[in-house]
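Chains as they are written, first to last, in our numbering: chain A, 1 to 291; chain B, 292 to 640.
Virtual Cβ for every residue (Gly too), placed ideally from N, Cα, C.
All values reported here derive from a predicted model rather than from experimental measurement.
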């Protein structure tokens, strides 16, 4: 018995049969589409715990029997694939880019979204225009520049550009910054805070969620980044996993179980990160209306 | 405390001139209210005094010093905003202390000053709370505290009561009046609410389209409006403005009624009569007749809206128990005490 409203018991409204039918069809279609997307991931996951022969066995086995847990320690202790080293390279690379992006883009977004200065809209327009320019167009001069500086083969060319901002993240953050009431900044100015202090102490705390979203985007993008490391890094010990896994697979083409184990461990941090923060991801995508 | 002096102050947003040469002096310890319709520039002018908007022409002096080019924090002003503008991630204590810390005050002095201000405003129990855990009235008291704690030369209020409900607004209004009395501070208060303006102000500055239309005490601007704009803007319900023709010591109203007005020079004029100077009279004594189109019962008084035969409308403030109903024929008598006459240029004659 539910609560009483006007003498009538409050009972759950029954779903109409037609609606129920529509709902079933809708969910069946969605599950089918989801299965198509999940199948490669599932295949990777089960292959990580099979032998190479089992992976190619016919008929196909949809679950490893037995489960080869040993694939994991085997991979981590290989001398021809410094997996752990490359894993930490990836963590360093993604973490540094995320920190650089959050710092530089939030400063730029504060300027574009919260300060008034002559030519602001023009400069912002030009910044957004950078989104339209394919990275490959500027690749060669930038590469030559870093080589002249003697920094080819280090992480500087991969991280330092983000200290100067990124058009997409600036655009995204500016939307959030524009939502911060102007009076908060005015009050801080009257309280004697400098613009830098206002950005740091007053505005950033109001857009914490946005900063986390941008940081997450940057981490995911950088974790999967392949082209930049391929161009600038030559030493296997310095490779991030995205590149290390590729070179390992190219060199050991027959060792599919090791490749799959590596791919699984590489993908796992991002999957966990996404599951923990999917609400923020959706919020970020909605706010930027891009991608 | 300090006087505020504005000389030839102008402000342009691109090609649009929003403040068109304001000359104004606010005396030391005076409470002046800027009042005017939306978009008249009253908040912009206040922000210019605060240093939050640049001054394109003219200069601003506070306590004798030219502050036109000074940063907001160095002008000796504090401001209370319409939406409180409390830092949401800080407690009330930190909100009050923030400006003092920025000024480099020692921790013990900051604490003493914050506690003293909190006691004055009776917000001591709110100090550990963040703004989201406070009601609108409490937030506004903390916002006022943040202004007081810095002991500024001048307090600026930008429609601080607009977000409060009616009863809180009355309470906060009297609190601001008490503060002004106790602190003897120079205060400039922006509002579009005439009741606030009339009840709080030592002097009212009526602004329209970036210009000062009149500066005077509440009684002056109410009883002796300088022009048609002030006459129509100040007072609720608004003054009745009736076009008339002057000549031979009398005014002739559009419906033919003649009113004695000795000394009126010939020409087109506008007669201004407050609604409380109009009354319902017997048909034989009527100076105008029309049909009641709206009756607003306010308890102790009723506002009658009457449409005359020629299309003109008049508003009458009648006793609360007036028997008039919608559609009734109303006979109206005029009492010309405190009536105002305006020339063709809109200025008071």
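What does residue i pair with, by DSSP beta-bridge criteria?
| i | result |
| --- | --- |
| residue 311 (chain B) | B:301 |
| residue 582 (chain B) | B:598 and B:620 |
| residue 591 (chain B) | Partner(s): none; residue 591 (chain B) has no beta bridge. |
| residue 480 (chain B) | B:324 and B:448 |
| residue 543 (chain B) | B:536 and B:549 |
| residue 638 (chain B) | B:518 |
| residue 348 (chain B) | B:301 |
| residue 563 (chain B) | B:532 and B:631 |
| residue 570 (chain B) | B:624 |
| residue 608 (chain B) | B:594 |
| residue 558 (chain B) | B:537 |
Which of helix, strand or coil does DSSP assign to residue i?
| i | result |
| --- | --- |
| residue 538 (chain B) | strand |
| residue 23 (chain A) | helix |
| residue 533 (chain B) | strand |
| residue 99 (chain A) | helix |
| residue 416 (chain B) | helix |
| residue 426 (chain B) | coil |
| residue 239 (chain A) | coil |
| residue 194 (chain A) | coil |
| residue 408 (chain B) | helix |
| residue 625 (chain B) | strand |
| residue 475 (chain B) | coil |
| residue 210 (chain A) | helix |
| residue 497 (chain B) | strand |
| residue 462 (chain B) | helix |
| residue 443 (chain B) | coil |
| residue 510 (chain B) | helix |
| residue 17 (chain A) | helix |
| residue 185 (chain A) | helix |
Can you tell me the Cα-Cα spacing of residue i and residue j, whole angstroms?
| i | j | result |
| --- | --- | --- |
| residue 401 (chain B) | residue 393 (chain B) | 11 angstroms |
| residue 250 (chain A) | residue 95 (chain A) | 27 angstroms |
| residue 193 (chain A) | residue 127 (chain A) | 28 angstroms |
| residue 110 (chain A) | residue 120 (chain A) | 11 angstroms |
| residue 364 (chain B) | residue 342 (chain B) | 8 angstroms |
| residue 431 (chain B) | residue 295 (chain B) | 25 angstroms |
| residue 202 (chain A) | residue 425 (chain B) | 19 angstroms |
| residue 247 (chain A) | residue 374 (chain B) | 59 angstroms |
| residue 572 (chain B) | residue 427 (chain B) | 47 angstroms |
| residue 451 (chain B) | residue 372 (chain B) | 6 angstroms |
| residue 436 (chain B) | residue 177 (chain A) | 27 angstroms |
| residue 289 (chain A) | residue 279 (chain A) | At residue 289 (chain A) the pLDDT is 45, less than 50, meaning the model places this residue with poor confidence and gives no usable figure here. |
| residue 447 (chain B) | residue 386 (chain B) | 18 angstroms |
| residue 309 (chain B) | residue 481 (chain B) | 16 angstroms |
| residue 281 (chain A) | residue 212 (chain A) | 9 angstroms |
| residue 585 (chain B) | residue 595 (chain B) | 6 angstroms |
| residue 329 (chain B) | residue 483 (chain B) | 7 angstroms |
| residue 384 (chain B) | residue 205 (chain A) | 17 angstroms |
Buried or exposed: which applies to residue i, given that a residue is buried once 16 or more other Cβ atoms fall within 10 Å of its Cβ?
| i | result |
| --- | --- |
| residue 370 (chain B) | buried |
| residue 47 (chain A) | buried |
| residue 694 (chain B) | For chain B, the structure presents residues 292 to 640; residue 694 (chain B) sits outside this window and is missing. |
| residue 86 (chain A) | buried |
| residue 302 (chain A) | The shown model of chain A, from 1 to 291, leaves out residue 302 (chain A), and the question about it has no answer. |
| residue 314 (chain B) | exposed |
| residue 137 (chain A) | exposed |
| residue 186 (chain A) | buried |
| residue 62 (chain A) | exposed |
| residue 416 (chain B) | exposed |
| residue 30 (chain A) | exposed |
| residue 256 (chain A) | buried |
| residue 174 (chain A) | buried |
| residue 629 (chain B) | exposed |
| residue 73 (chain A) | exposed |
| residue 525 (chain B) | buried |
| residue 232 (chain A) | buried |
| residue 600 (chain B) | exposed |
Below 7 angstroms on C-beta distance, what does residue i contact in chain C?
| i | result |
| --- | --- |
| residue 161 (chain A) | No chain C appears in the structure shown, which is made up of the protein chains A and B. |
Cβ-heavy atom distance between residue i and the ligand HEM below 7 angstroms?
| i | result |
| --- | --- |
| residue 538 (chain B) | No copy of the ligand HEM occurs in the structure displayed, which carries no ligand at all. |
(message) Can you pull out the residues from the region 322-354 of chain B whose beta carbon lies closer than 9 angstroms to at least one beta carbon of chain A?
(response) 338, 341, 342 and 343
(message) Which residues of the region 201-234 of chain A have a Cβ closer than 9 angstroms to any Cβ of chain B? Give them in chain order.
(response) 201, 202, 205, 206 and 208
(message) Residues of the region 384-395 of chain B in Cβ contact with chain A at a cutoff of 8 angstroms, in chain order, please.
(response) 389, 390, 393 and 394
(request) Check distances from the C-beta atoms of the region 183-195 of chain A to those of chain B and list, in chain order, the residues that come in under 7 angstroms. (result) 183, 184, 186, 187, 189, 190, 191, 192 and 193
(message) Please identify, using Cβ separations under 9 angstroms, the residues of the region 356-372 of chain B that lie next to chain A, in order along the chain.
(response) 362, 363, 364, 365, 366, 368, 369, 370 and 372
(request) Mind checking the region 163-181 of chain A against chain B and listing, in chain order, the residues whose C-beta falls within less than 7 angstroms of any C-beta there? (result) 181
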